[in-house]
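Colleague:
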Amino acid sequence: MAECLLDESERDPGARLGNARRVVIKIGSSLLVDPSTGRLDDLWFGSLVDDVGALRSRGQDVLLVSSGAIALGRRHLGLREGPLRLEQSQAAAAAGQIRLAHAWQEALGRHDIPVAQVLLTLGDTEQRRRYLNARGTLETLLGLGAVPVINENDTVATEEIRYGDNDRLAARVAQMMSADCLVLLSDVDGLYTADPTQFPEAELIATVSEITPDVEILAGESTTDLGSGGMITKIAAAKIALRAGCHMVIASGRNPHPLQAVESGAPCTWFVAGDTPASVRKQWIAGSLKPRGDLVVDAGAAAALAAGKSLLPAGVIEVHGEFERGDAVIVRDGDGTELAHGLVAYSVSEARRIMGRKSSEIAAILGYGGRDELIHRNDLAMIKRNG
4 MAECLLDESE RDPGARLGNA RRVVIKIGSS LLVDPSTGRL DDLWFGSLVD
54 DVGALRSRGQ DVLLVSSGAI ALGRRHLGLR EGPLRLEQSQ AAAAAGQIRL
104 AHAWQEALGR HDIPVAQVLL TLGDTEQRRR YLNARGTLET LLGLGAVPVI
154 NENDTVATEE IRYGDNDRLA ARVAQMMSAD CLVLLSDVDG LYTADPTQFP
204 EAELIATVSE ITPDVEILAG ESTTDLGSGG MITKIAAAKI ALRAGCHMVI
254 ASGRNPHPLQ AVESGAPCTW FVAGDTPASV RKQWIAGSLK PRGDLVVDAG
304 AAAALAAGKS LLPAGVIEVH GEFERGDAVI VRDGDGTELA HGLVAYSVSE
354 ARRIMGRKSS EIAAILGYGG RDELIHRNDL AMIKRNG
């Protein structure tokens, strides 16, 4: 079992966080909210925000998936201790979300970091059009220098359309945003060989490179009142992250400056991805999606694609098929040779109207300002040819 779990070749695990271009950080309710008072733990919260500021100062993109709205809201509304009915949870979320968002805004504002609140449901990360809209919004926020603070939209989600835990939501966000590192801050410092509260001799597993049945057996139930997750949901999150080429770490958030502690080598469990997010995404585009149409390009566009550029409308000379925004299409040259597969930014009717035209003309032609590219280079998987 040790051979399957441990990877001794990793000399500096904390560098996975320090070197990540884009980081998603999930913070559990039991860390944010003092269970004895139902209030935000200001001292700990301030140290976490300082860590986030340090990541941003190095030029890293940061997205926060923050629990705590229900825990904060239930105290404000005077809801009793113990399990809440769905409608009570939604009411508590509506009240607590205001306080949670304000706390993040005020704390990150001290570092001159703008904050944006984003509420998602399960469908926003699984239904294609909503996924694209959510990703586009988050990419724009990051491009503008903001830190998105994400939570499940508990005020409208029903049991059938909700995650129920922010571990898996954070993993879906990491997958959607091609993050390099997902940090799950928890009330435990990682995955153990047994439940350490019952078996003091249990050992922390430092590195997991594959989610095997043996690993899944080690997962246990949550023992906290404020959190809805547990090790089971964290292993589920790890599956999502590793498939997306994203490293994931489960680390204790109990100590001040928890992100700094991870970088400094504090005890934690790293789930190590075998591929990068970019390579996984390219493989998915190239081999997992059924193309819905074809774009034929001129020689200049073909050369630009070969040089790693995006596909602009000006280089397209023919459009075939029936596709919507976000669908996969094949890009061909004038001889019909496949050059690439990609996710198109416009529907077939829109593509036909703007093909051969400059990007600066798109708004006048379509009546709204969309993307400059018909297919962005990040959404293109070039066809490799021998020789």
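One rule links them: number in my numbering = place in the sequence shown (from 1) + 3. Quick reminder that beta carbons are idealized off the backbone N, C-alpha and C, glycines included. Only a predicted model underlies this, so the values are computations on that prediction, with no experimental measurement involved.
1) Starting from the C-beta of ASP127, find all residues in its chain whose C-beta is less than 6 Å away, skip the five residues before and the five after it, and write them out in chain order.
2) Tell me the rounded alpha-carbon separation between LEU51 and ALA110.
3) From this set, ASP382, GLU353, LEU66 and ASP44, which residue's C-alpha is nearest ASP183's C-alpha?
4) Rounded to whole angstroms, how far is the Cβ of VAL300 from the Cβ of ILE320, which I believe are closer than 8 Å?
5) Going along the chain, which unbroken runs of the alpha helix (DSSP H) with 4 or more residues stay wholly within the region 34 to 95?
6) Taking only three categories from DSSP, how would you classify ALA254?
7) Measure the C-alpha to C-alpha separation of HIS250 and PHE274 and round it to an integer number of angstroms.
8) Using only the alpha-carbon positions, how far apart do GLY303 and LEU135 sit?
9) Grouping DSSP H, G and I as helix and E and B as strand, with all else coil, what is ASP127?
10) Just tell me which of ASP217, ASP198, SER181 and ASN156 has its CA closest to the CA of ALA244.
11) Could you check where the beta strand (DSSP E) with ALA343 kicks off and where it finishes?
12) Indicate the three-state DSSP secondary structure (helix, strand or coil) for ARG355 in the structure shown.
13) Beta-carbon within less than 7 Å of ARG257's beta-carbon, same chain only, minus the 5 sequence neighbours each way: which residues are those?
14) Could you tell me how far apart the beta carbons of LEU123 and ASN156 are, in whole angstroms, since I believe they sit closer than 8 Å?
15) Would you mind sorting PRO316 into buried or exposed? The rule is 16 or more other CB atoms within 10 Å of its CB.
16) What is the DSSP secondary structure of LEU298, counted as helix, strand or coil?
17) Out of ILE30, ALA331, LEU82 and GLY85, which one is the CA nearest neighbour of HIS260?
18) Which stretch, first to last residue, makes up the alpha helix (DSSP H) that contains LYS361?
19) Just the C-alpha distance for GLY391 and GLU327, rounded to the nearest angstrom, thanks.
20) By the three-class DSSP mapping on this structure, what secondary structure does PRO16 have?
21) Just checking my contact of GLY296 with GLU325 at CB under 8 Å: how many whole Å lie between their CB atoms?
22) Determine the burial state of LYS387: buried for a count of at least 16 other Cβ atoms within 10 Å of its Cβ, exposed for fewer.
23) Going by DSSP in three states, HIS323 sits in which element: helix, strand or coil?
24) To the nearest angstrom, how far is the alpha carbon of GLY85 from that of THR236?
25) Quickly, what does DSSP pair ILE333 with across the bridge? List them, please.
26) THR266 by DSSP, collapsed to three states: which one?
27) Does any heavy atom of the ligand ATP sit closer than 8 Å to the C-beta of ASP301?
28) Helix, strand or coil, according to DSSP, for LYS312 in the structure here?
29) Report buried or exposed for SER393, applying the criterion of at least 16 other Cβ atoms within 10 angstroms of its Cβ.
30) Quick check on PRO280: does DSSP put it in helix, strand or coil?
31) Using the DSSP secondary-structure output, state which residues sit across from ILE28 in a beta bridge.
32) Which stretch, first to last residue, makes up the alpha helix (DSSP H) that contains ALA241?
33) Given a threshold of 16 other Cβ atoms within 10 Å of its Cβ, counted over all protein chains shown, does ALA305 qualify as buried or as exposed?
34) Kindly indicate which residue of ALA384, ASN381, LEU314 and GLY337 has the alpha-carbon position closest to the one of ALA354.
35) Please go through the same chain and pick out, in chain order, the residues whose beta-carbon is closer than 6 Å to the beta-carbon of LEU262, but skip the five residues on each side of it.
36) Quick one: grab the DSSP three-state call for GLN201.
Modeller: Taking the geometry as given:
1) ARG133 and ALA137
2) 10 Å
3) LEU66
4) 7 Å
5) 45 to 60 and 72 to 80
6) strand
7) 6 Å
8) About 29 Å.
9) Helix at ASP127.
10) SER181
11) 341 to 346 is the extent of the beta strand (DSSP E) around ALA343.
12) Of the three classes helix, strand and coil, the one that applies to ARG355 here is helix, per DSSP.
13) ASP190
14) 6 Å
15) So PRO316 ends up on the buried side.
16) LEU298 carries a strand assignment under DSSP once its states are collapsed to helix, strand and coil.
17) ILE30
18) That residue, LYS361, is in no alpha helix (DSSP H); it is neither H nor E in DSSP.
19) Summary: the structure shown does not reach residue 391, with the chain confined to residues 4 through 390, and so no result is reported for it.
20) Of the three classes helix, strand and coil, the one that applies to PRO16 here is coil, per DSSP.
21) Contact holds; Cβ gap of about 7 Å.
22) exposed
23) strand
24) In this model, GLY85 and THR236 are separated by some 21 Å (Cα to Cα).
25) ASP297 and HIS344
26) In the sequence as presented, Thr is not what sits at residue 266; that position holds Glu. GLU266: helix per DSSP, three-state reduction.
27) This structure lacks the ligand ATP, and indeed carries no ligand of any kind.
28) Taken through DSSP and simplified to helix, strand or coil, LYS312 comes out as coil.
29) Missing from the structure shown is residue 393; the chain here goes from 4 to 390 and no further.
30) helix
31) LEU67 and VAL186
32) 234 to 246
33) Looking at its Cβ environment, which holds 16 or more other Cβ atoms inside 10 Å, ALA305 is buried.
34) LEU314
35) ASP54
36) coil
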